[in-house]
Amino acid sequence: MPRLTVPRILLAAVFVAGPVTVLPAPAAQAATTHQVVMSGYAFAPRSLTITAGDTVTWSNQDQAPHDVKTTSGPASIHSPMLNKGGSWSHTFTAAGTYGYLCTVHPGMTAQLVVEPAAAPTTHAPVHHHPAPDPAAPPTRRSAASAMPPMTMDPSKPATREAAAPAASEGTSSPAPSAAAQPAPDTRSANVSAARPLDPLLLLTGVVAGVAVLCLLLVGSRSAAPRSEDPGTS
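Residue 114 in this note's numbering sits at position 109 of the sequence shown, with consecutive numbering throughout.
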């Protein structure tokens, strides 16, 4: 069995981690092609609204030749002369309002409005806070707060049993009971336990584990020839 070298181990770790870390890129928005027909010595439609990056194709269906030349707008375009059945396309990248006409027939006018392309929207990450565990034990109340208050009727004399704890109280103070101590708050422990693991930390741990396993395998393969009997060599 061929020995594994350190470069091969690192290359294998990269191949293992590569499919996990590569994320698909968002697909770009496809451009749209719009049609403008030259018929009856007029442009149809006479007014057209498109988005920056779209393409407009003019087609001549008249017997007379026509062309397209801008008279206003952020950019200047001028098409070749189009005979019947001919067509010409142009992609608009600058947003704005374009006015154009046919130079052979100045009465053929039209308008083209190019709106800016919408910027890609990014969604803000949504943080989900885990709800407290309903199975967690409620905080214990102290024994002093749990006991109902004792009221003494001033018209009745105190009995001997009630006076005995008061007399012994001056000699020795009882140790605080375990119930009187506040119970530890387990809410932070439950929240930290329910929090999901970071995918990047998990990926780093997987890559480190694969690298350590490969290094141990190389060490065991290289130490095997040393442990053989020297008399057999």
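All residues carry an ideal CB built from backbone N, CA and C; glycine is no exception.
Figure out for me which residue from P70, G101 and T54 has the closest Cα to the Cα of S44.
Numbered from 1 along the sequence shown, position 39 holds the residue referred to as residue 44. Checking every option, the nearest Cα to that of S44 belongs to P70.
Residues of its chain near G91, where Cβ-Cβ distance is below 6 Å and the 5 sequence neighbours each way are ignored
The count along the sequence shown starts at 1 and reaches residue 91 at position 86. If we look at G91 and ignore the five residues flanking it on each side, its Cβ neighbours are N65.
Shortest alpha-carbon distance to K89 belongs to which of T56, A80, A123 and Y46?
Start at 1 with the first residue of the sequence shown, and residue 89 comes out as number 84. Ranking T56, A80, A123 and Y46 by Cα distance to K89 puts Y46 first.
Quick check on this structure: which residue in G58, V119, T98 and S84 has the alpha carbon closest to the alpha carbon of S52?
In the sequence shown, the residue the question calls residue 52 occupies position 47. With distances taken between Cα atoms, S52 lies closest to V119.
One question on the structure: do A57 and T98 come within less than 7 Å of each other, judged by their Cβ atoms?
The sequence position of residue 57 within the sequence shown is 52, counting from 1. The sequence position of residue 98 within the sequence shown is 93, counting from 1. Closer than 7 Å, so yes.
Can you tell me where the alpha helix (DSSP H) with V61 in it begins and where it stops?
Position 56 of the sequence shown, counted from the start, is the residue given in the question as residue 61. First-last for V61: T60 to N65, but that is the beta strand (DSSP E), not the alpha helix (DSSP H).
Around the C-beta of V109, are 16 or more other C-beta atoms found within 10 angstroms, so that it is buried, or is it exposed?
As a working mapping, residue 109 is identified with position 104 in the sequence shown. V109 is exposed by the Cβ-count criterion.
Can you give the Cα-Cα distance for P79 and P121, rounded to whole angstroms?
Here residue 79 refers to the residue found at position 74 when the sequence shown is read from its first residue. Here residue 121 refers to the residue found at position 116 when the sequence shown is read from its first residue. Going by the C-alpha atoms only, they are around 13 Å apart.
Quick check: the Cα distance between A32 and H39, rounded to an integer number of angstroms?
Translated into positions along the sequence shown, residue 32 becomes position 27. Translated into positions along the sequence shown, residue 39 becomes position 34. Any reading at A32 must be qualified, since the residue scores a pLDDT of 44, below 50, and its modelled position is unreliable; the value itself is stated next. Near 22 Å, if we compare the C-alpha coordinates of H39 and A32.
W93 versus I82, A100 and G101, residue with shortest Cα-Cα distance:
Residue 93 sits at position 88 when you count from the first residue of the sequence shown. Looking at the Cα atoms, I82 is the closest of the given residues.
Run the CB neighbour count on A115, radius 10 Å, all protein chains shown included, and call it buried at 16 or more, exposed below.
As a first step, residue 115 must be located in the sequence shown, where it is residue number 110. Buried, because 16 or more other Cβ atoms sit within 10 Å of the Cβ of A115.
Go through its chain and collect everything with a Cβ distance to T76's Cβ below 7 Å, but skip five positions before and after it.
Here the question's residue 76 lines up with position 71 in the sequence shown. So the qualifying residues of the chain are G104, Y105 and L106.
For S84, is the classification buried or exposed, using 16 other Cβ atoms within 10 angstroms of its Cβ as the cut-off for buried?
Your numbering for residue 84 matches position 79 in the sequence shown. With 16 or more Cβ atoms within 10 Å of its Cβ, S84 is classed as buried.
Any idea what DSSP makes of A49, helix, strand or coil?
For the purposes of this step, residue 49 is taken as residue 44 along the sequence shown, with counting starting at 1. Strand.
When DSSP labels each residue in this structure, what does V211 get in the three-state scheme?
In the sequence shown, the residue the question calls residue 211 occupies position 206. In the structure shown, V211 sits in a helix (DSSP, three-state: H, G or I).
CB-CB under 8 Å to I55, same chain, minus the five flanking residues each way: which ones, in chain order?
Along the sequence shown, one-based indexing puts residue 55 at 50. T37, H39, V61, F97, L117, V118, V119 and E120.
Any idea if D203 is buried or exposed, counting beta-carbon neighbours within 10 angstroms, 16 or more meaning buried?
Working through the sequence shown from its first residue, we reach residue 203 at position 198. Exposed, because fewer than 16 other Cβ atoms sit within 10 Å of the Cβ of D203.
L208 to T102, Cα distance in whole Å?
Locating residue 208 in the sequence shown gives position 203, where the first residue counts as 1. Locating residue 102 in the sequence shown gives position 97, where the first residue counts as 1. Distance between the alpha carbons of L208 and T102: 52 Å.
Reduced DSSP category for V223 - H, G, I as helix; E, B as strand; rest coil
As a first step, residue 223 must be located in the sequence shown, where it is residue number 218. Correct three-state label for V223: helix.
From the DSSP output, in three-state form, read off V109 for me.
Against the sequence shown, residue 109 aligns to sequence position 104. Reduced to three states, the DSSP call for V109 is coil.
With DSSP as the reference, label V217 as helix, strand or coil.
By one-based count along the sequence shown, residue 217 stands at place 212. It is helical.
Count the other C-beta atoms from every protein chain shown that fall within 10 angstroms of the C-beta of V217, then say buried if there are 16 or more, exposed otherwise.
Taking the first residue of the sequence shown as 1, we reach residue 217 at position 212. Burial call: exposed.
Alpha carbon to alpha carbon, what distance is there between V73 and M86?
Along the sequence shown, read from residue 1 onward, the residue named residue 86 stands at position 81. Along the sequence shown, read from residue 1 onward, the residue named residue 73 stands at position 68. Looking at the two C-alpha atoms, the distance is approximately 8 Å.
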